[in-house]
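**Q** In my numbering, the protein residues as written are 3 to 413.
Cβ atoms here follow ideal geometry from the backbone N, Cα and C, with glycine treated the same way.
Owing to the predicted nature of the structure, the values given are computational and were not obtained by experimental measurement.
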DNA sequence: TATCCACAGGAACTTGGGGCTA
DNA sequence: TAGCCCCAAGTTCCTGTGGATA
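Laid out in structure tokens, this is it:
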């Protein structure tokens with residue numbers, strides 16, 4: 003009986019008319035046919051890269067700008083156009099895009115590059131210089147210009163700049179091929195950690211992407227909405243409101259597109275025929291909660307224990323908890339769930355990582371004769387975060403746990 | 001003004017897992 | 001199977017910090 007009613011599950015849902023024509027247009031992976039308010043940056047980048055079409059090596063480029071300012075979209079757009087033109091004029095030119103958030107080690111980066119040129123490189127096991135040699139041999143087999151786009155290049159630099167040093171000098175070892183790099187970062191200061199030789203080589207040209215203002219974001223949204231949504235589906239206030247929310251977040255166009263998409267999805271789920279202001283406001287809340295839930299759910303167990311320690315102290319009335327207090331409670335939790343107790347040094351790092359993720363706010367304060375520590379405040383809603391933490395089977399057994407608090411607490 | 005506290009955080013090192021080659 | 005490599009996570013050791021206190 004139950005199966006019979008489920009048979010038509012998707013048929014029923016498919017009968018509801020969608021508000022979207024093409025939802026993919028609102029996703030970050032989409033590269034639009036034109037980029038409003040980025041003409042200057044597109045032209046600058048194209049001017050630098052045009053030498054690839056003459057068979058020369060373009061200068062290496064560093065692109066800076068905050069999240070959602072169009073850096074990646076511009077680089078990919080110009081890359082696509084460059085490849086298209088090179089085909090027209092029979093110049094071999096490849097543009098490779100790698101995100102260093104995912105490919106964040108020297109070995110993985112080189113292995114990915116080599117694989118692109120048909121080399122069979124294992125996930126691990128080879129000496130890095132062997133992978134580099136394979137990559138060089140693969141690209142130098144024929145005359146070509148290769149542009150490597152390294153998105154979020156700062157993530158790669160955190161684990162050493164050897165790979166950037168090697169790549170920046172690769173042209174001296176090549177006979178046929180020519181390699182140029184485009185580094186994309188939202189951290190203006192990341193080059194401070196680079197070897198001066200890498201710094202000067204990588205930053206031959208620099209392009210800064212300023213944040214969009216609310217009006218510019220509105221233009222971008224209108225352009226995408228006309229492709230993504232059916233006609234007359236969006237209420238008048240939807241785009242200005244999405245733009246205003248995104249402009250508050252340092253002109254983040256990506257956030258604006260997310261808001262526009264999620265607002266539509268919420269309206270669709272409620273079988274509405276229009277997307278209105280309430281949908282945008284609910285979308286704003288949903289995106290933030292989804293982000294927190296996803297981040298907390300995917301934390302390593304040790305980080306979850308550190309976070310749960312902060313929450314237990316908060317539930318016991320402590321507003322600003324210190325590293326020492328957190329560590330005391332953390333040790334008790336570890337014993338209760340039969341986990342290894344990490345050193346305080348390591349727990350300090352876990353707290354710093356939670357701070358960077360925006361789950362905690364940890365500020366270093368000096369309490370004079372009572373030492374120097376971090377004051378830690380939760381930045382996420384307690385109840386929903388607690389529920390997510392207790393979903394972990396190891397933490398589930400801590401549901402009714404009450405810590406013994408012995409430290410000198412400052413209420 | 002020197003001392004003290006409770007850490008912060010950098011650097012070097014260790015450990016253990018996964019994978020490759022000979 | 002031994003020996004090597006990469007890599008993430010963790011440990012150990014160390015110096016630095018800054019404001020209250022004696």
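Hey, residue 289 and residue 254: beta-carbon distance below 8 Å or not?
**A** Here residue 289 refers to the residue found at position 287 when the first chain is read from its first residue. Here residue 254 refers to the residue found at position 252 when the first chain is read from its first residue. No; because the gap between Cβ atoms is not below 8 Å, this pair is not in contact.
**Q** Are the CB atoms of residue 184 and residue 149 within a distance shorter than 8 Å?
**A** Here the question's residue 149 lines up with position 147 in the first chain. Here the question's residue 184 lines up with position 182 in the first chain. Their beta carbons are under 8 Å apart, which means residue 149 touches residue 184 by this criterion.
**Q** Which residues mark the beginning and the end of the beta strand (DSSP E) in which residue 305 is found?
**A** Locating residue 305 in the first chain gives position 303, counting from the first residue. Here residue 305 belongs to no beta strand (DSSP E); instead the alpha helix (DSSP H) covers 303-317.
**Q** Looking at the structure shown, is residue 324 part of a helix, part of a strand, or coil, going by DSSP?
**A** As a working note, residue 324 is residue 322 in the first chain. Note: residue 324 maps to strand in three-state DSSP.
**Q** Between residue 178 and residue 144, how many whole angstroms is the CB-CB distance? I'm expecting something under 8 Å.
**A** Indexing the first chain from 1 puts residue 178 at position 176. Indexing the first chain from 1 puts residue 144 at position 142. The pair is a contact, with the Cβ atoms about 6 Å apart (cut-off 8 Å).
**Q** Leaving aside the five residues before and after residue 297 along the sequence, list all residues of the same chain whose C-beta is less than 6 Å from its C-beta, in chain order.
**A** In the first chain, counting from the first residue as 1, residue 297 sits at position 295. Taken in chain order, the residues that qualify are 359.
**Q** Which of helix, strand or coil does DSSP assign to residue 3?
**A** Position 1 of the first chain holds residue 3. Bear in mind that a pLDDT of 42 at residue 3, under 50, signals an unreliable position, so the model cannot answer this.
**Q** Which stretch, first to last residue, makes up the beta strand (DSSP E) that contains residue 358?
**A** Counting from 1 along the first chain, the entry for residue 358 is found at position 356. Here residue 358 belongs to no beta strand (DSSP E); instead the alpha helix (DSSP H) covers 346-358.
**Q** Residues in its own chain within less than 6 Å of residue 377 by CB, not counting five upstream and five downstream?
**A** Position 375 of the first chain, counting from 1, holds the residue named residue 377. 322, 365 and 367, listed in sequence order.
**Q** Excluding the five sequence neighbours on either side, which residues of its own chain have a C-beta within less than 8 Å of the C-beta of residue 22, listed in chain order?
**A** By one-based count along the first chain, residue 22 stands at place 20. Within the same chain, residue 22 has close Cβ partners 230, 231, 232, 266 and 270.
**Q** Starting from residue 221 and walking both ways along the alpha helix (DSSP H), at which residues does that stretch end?
**A** Here residue 221 refers to the residue found at position 219 of the first chain. Residue 221 -> alpha helix (DSSP H) spans 216-230.
**Q** Does the Cβ-Cβ distance between residue 175 and residue 197 come in under 8 Å?
**A** Along the first chain, read from residue 1 onward, the residue named residue 175 stands at position 173. Along the first chain, read from residue 1 onward, the residue named residue 197 stands at position 195. Not closer than 8 Å, so no.
**Q** Measure the beta-carbon distance from residue 264 to residue 285 and round it to whole angstroms, keeping in mind my assumption that it falls under 8 Å.
**A** Position 262 of the first chain, counted from the first residue, corresponds to residue 264. Position 283 of the first chain, counted from the first residue, corresponds to residue 285. The pair is a contact, with the Cβ atoms about 4 Å apart (cut-off 8 Å).
**Q** Relative to the C-alpha of residue 246, which candidate in 227, 219, 97 and 304 has its C-alpha closest?
**A** As a position in the first chain, residue 246 is number 244, starting the count at 1. Closest by alpha carbon: 219.
**Q** Taking the alpha carbon of residue 173 as the point to measure from, which residue in 401, 61 and 342 has its own alpha carbon closest?
**A** The residue given as residue 173 occupies position 171 in the first chain. Closest option to residue 173, Cα to Cα, is 61.
**Q** Given this structure, state the Cα-to-Cα distance separating residue 373 from residue 113, to the nearest angstrom.
**A** Taking the first chain and counting its residues from 1, one reaches residue 373 at position 371. Taking the first chain and counting its residues from 1, one reaches residue 113 at position 111. Taking the straight line joining both Cα atoms gives about 47 Å.
**Q** Let me know if residue 257 comes out buried or exposed under the rule of 16 or more other beta-carbons within 10 Å of its beta-carbon.
**A** Indexing the first chain from 1 puts residue 257 at position 255. By the neighbour-count rule (16 or more Cβ atoms within 10 Å), residue 257 is buried.
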